[in-house]
Structures are given as structure tokens and as C-alpha cells.
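Numbering (this note's numbering), first residue to last: 52 to 426. No residue lacks a Cβ here, since even glycine has one placed at the ideal position from N, Cα and C. Bear in mind the structure is a predicted one, so any value in this text is a computation, not a measurement.
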């Protein structure tokens, strides 16, 4: 196929969708395609990590997009406040839609790849661009019968599926990232795909273990819980990566607790060497730990039903343990019993590149007008 011109639109809250975009950009480049521009939707209080701008290899433009409203402790999600907060920002979202349209007109892409950015679906419905949209996210597995939702939570499950459906409105394809293979659902335009891990993960050494635990928290409010646990266990060395609006440098709390600003290479390097990882239950960090065979304590953000689902799904696979709190005692108790499905998971992840390239090329071919034979 001729070289494709791709436009990426990425949800920028957290690092998961950003790292997926980095991984896919590398795969497409190896296949002879290119990414002409990247638009990142994010709330105004979220900074775009420097590593993403340095590594994506394309012009990056940010725009205001819906985000979560956190409680006063900056730990939990408040659903009602989130709805009101985003309704008040409707004007900013209209500007974001205009930026999306301007980028499509300027770059004239062959395909738009949407990494779970909700305004992209609204743009597709309102502006009806004559270009296929391919949506990529692990959240599309919520529509698959193989996905093990926690028992109960009927209302949350219905709302989560409705929102996830909405992010892919008008899309040509939905690529559902999954921890394990499962059947495709052609009737829903849903294809089950391996996780998208960055090339740096595959270059990390195997079999390393140093005497420290690694912690990743998206919301800085969890630092208080970590400090409280650390005060009871000062003998356990902790390295914590956090997204704190006022902390741009490394902060040594004491000899055995250090806080680091987000740094993708440093974080991955320390993951390869740690005894275990404790993190909010985002999909990407769990996948990286699974690939490296590291045990994980998965702590869903309070009020974040999607992360609770992520944690239980990964626990069933053998990634580690779900916990409602950052109680690292649970991780320490689990370490001797960790038997990860590393070989099986790696084989699934290693099949990603040809699958993603083929899926995106197929979406472009399907959207192309049929050739008219010459009489």
C-alpha cells in the first residue's frame, strides 16, 4: 500500500493513551507510513509530559477536552462534579472541535487514529470528515462477552459501556486492546488487539531485581497514603513517580522514599529492576509490568469504576493483586506467590505490529471509492 498520512488524536489525561500513540507511531513508520500531526485533548490542569513531545516525531497541538473532577484530596473522581465541570467548559470544547477540523483540512490525512479522545466522536458526527476514523483503546473490550466485569454494578456497567460507545461514534473500526486473545466482533466493527507497548519496553533487560518497590500514582493526593505507610515501614525503599503540579524535580522525602516527576525512560528502567510495582489501575502500566514479569498491586482511583474493572481483569490473568488502598503490605505478602503468565503474554504482545498495520490499512482501503473500470 502507498504511504499513509495519519493524524493522531490522543486523550492526554494520564500517560496510557500517550504511550500507545508512541508505540503505534513507531509501528507505522516501520511500515512506511507517517504521522503528520498529533492533537492531544486534555483538561487545563494536566501537563503534557515532555517525553511525549520529544518522542512522537510530529507537530503536537493541545486543546481543551473533558476530564475528571477530583475531590479536595486529589485522589478520587467525583461523577457529579465531573459532569457539571465539563458542562461549564462547553465553550472551550467548541474551540477544540474547530481545532480538530482545521487540522484535518490542513494535513488532509488518509486516516484519523483516535486514542479514546471523546471530542473526536463529536467532531465526526458534526463535521462528517471524508476520512475514516480508527478508534483504539482497551475500553472497547467492555463490549466483549469475554470481558469479566465485577459482579453487581449494573448501573455503572451500563453507563461505562454507553460512554465508551460514544467515544467511537462514526468510527470505521474499533481496535480493542486486550490482555488476552479473544474473538473479533465484526457486527460491532470491533477487533481484539494486543496491548500497544513502546519499543523501549522490549529493550529492557530480563531477570533484574533490586531491593525497592516502585510506585506510580496519577493523582498526587495519594502521596499522603504512601508517606503514612512509609512512616510505618521505613526499612522498605520506595521510588514513587507522580504527576504533581508544583513538583518538577526529584524530591527525596528521606533516605528510603523518593518522589520523581513523570519520566518514561527512568520509570521503565526502574520497573525492570524493582521487586514489585504499586500503581493506580491504568491499563498501560499493568501491561508493562506483565511483559517484564513484575508483580503489581493495582489500586483503582477512588470512584473510577473503569479502573476497578481493569484491576480485576488483570488479577484474573495473574498480574498481581487488586487493592482498594495503597497498602503495600498486600504487595509484600504477594511477592513470594507471584507466577506471571509472562511467556504467553509476551507472545500476544509481540504479534501487535502486523495486526495494527493491517487493521489501519484495511480501514483506509474500505473507505476508498471503488475504481471505475475504463471502457
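- Within the stretch 339-375, the complete beta strand (DSSP E) segments of 3 residues or longer fall at 347-350, 371-373, listed in chain order.
- Distance from the CA atom of residue 218 to the CA atom of residue 177, rounded to whole angstroms, is 14 Å.
- The alpha-carbon of residue 185 is positioned some 26 Å away from that of residue 342.
- The C-beta of residue 168 has 16 or more other C-beta atoms within 10 Å across all chains shown, which makes the residue buried.
- Shown here for residue 222: same chain residues with a beta carbon closer than 6 Å to its own, the five before and five after excluded, namely 184, 186 in chain order.
- Sixteen is the threshold: since fewer than 16 other Cβ atoms of the shown chains lie within 10 Å of the Cβ of residue 376, the residue is exposed.
- At a cut-off of 3 residues, the continuous stretches assigned as beta strand (DSSP E) that sit fully inside the stretch 171-213 are 184-188.
- For residue 380, the uninterrupted alpha helix (DSSP H) segment begins and ends at 379-385.
- Cβ neighbours of residue 83 within its own chain (closer than 6 Å, five residues either side excluded): 54.
- Distance from the CA atom of residue 419 to the CA atom of residue 179, rounded to whole angstroms, is 15 Å.
- At the C-beta level, residue 70 and residue 335 come within 8 Å of one another.
- Following the DSSP letters along the chain, one finds residue 114 inside the beta strand (DSSP E) bounded by residues 111-115.
- Within the model, the alpha-carbon separation for residue 277 versus residue 102 is close to 25 Å.
- Under the 10 Å beta carbon count, residue 367 is surrounded by fewer than 16 other beta carbons and is classified as exposed.
- The alpha carbon of residue 157 has as its nearest neighbour, out of 58, 282, 404, the alpha carbon of 58.
- Collapsing the DSSP output to three states places residue 92 in a strand.
- Secondary structure of residue 336 (DSSP, three-state): helix.
- For the alpha helix (DSSP H) assignment, the uninterrupted runs of no fewer than 4 residues enclosed by the stretch 242-311 are, from N- to C-terminal side, 250-253, 274-283.
- In the structure shown, the three-state DSSP call for residue 227 is strand.
- Under the three-state reduction of DSSP output, residue 147 falls in the helix class.
- DSSP places residue 236 outside any beta strand (DSSP E), giving it a letter other than H or E.
- Contact annotation: residue 252 and residue 166 have beta-carbon atoms that are not nearer than 8 Å.
- Counted as a single uninterrupted DSSP element, the stretch harbouring residue 99 is not any beta strand (DSSP E), since DSSP gives it neither H nor E.
- For residue 313, no pairing in a beta bridge is given by DSSP.
- Using a Cβ distance threshold of 8 Å, residue 245 and residue 363 do not count as a contacting pair.
- Taking the Cα positions, residue 315 is about 12 Å away from residue 294.
- Here residue 111 has 89, 91, 104 as same chain residues with Cβ atoms under 7 Å from its own Cβ, once five neighbours each way along the sequence are excluded.
- Nearest in C-alpha terms to residue 100, of all of 81, 68, 310, is 68.
- Contact check for residue 407 against residue 75 passes: the beta carbons are separated by less than 8 Å.
- Below 8 Å, enough C-beta pairs join the stretch 317-326 and the stretch 257-273 to call them touching: three or more.
- Per DSSP, reduced to three states, the secondary structure at residue 217 is helical.
- Counting every other CB atom within 10 Å of its CB across the protein chains shown gives residue 115 a total of 16 or more, marking it as buried.
- Secondary structure of residue 410 (DSSP, three-state): helix.
- Within the model, the alpha-carbon separation for residue 109 versus residue 87 is close to 6 Å.
- An exposed status is given to residue 285, since fewer than 16 other beta-carbon atoms sit within 10 Å of its beta-carbon.
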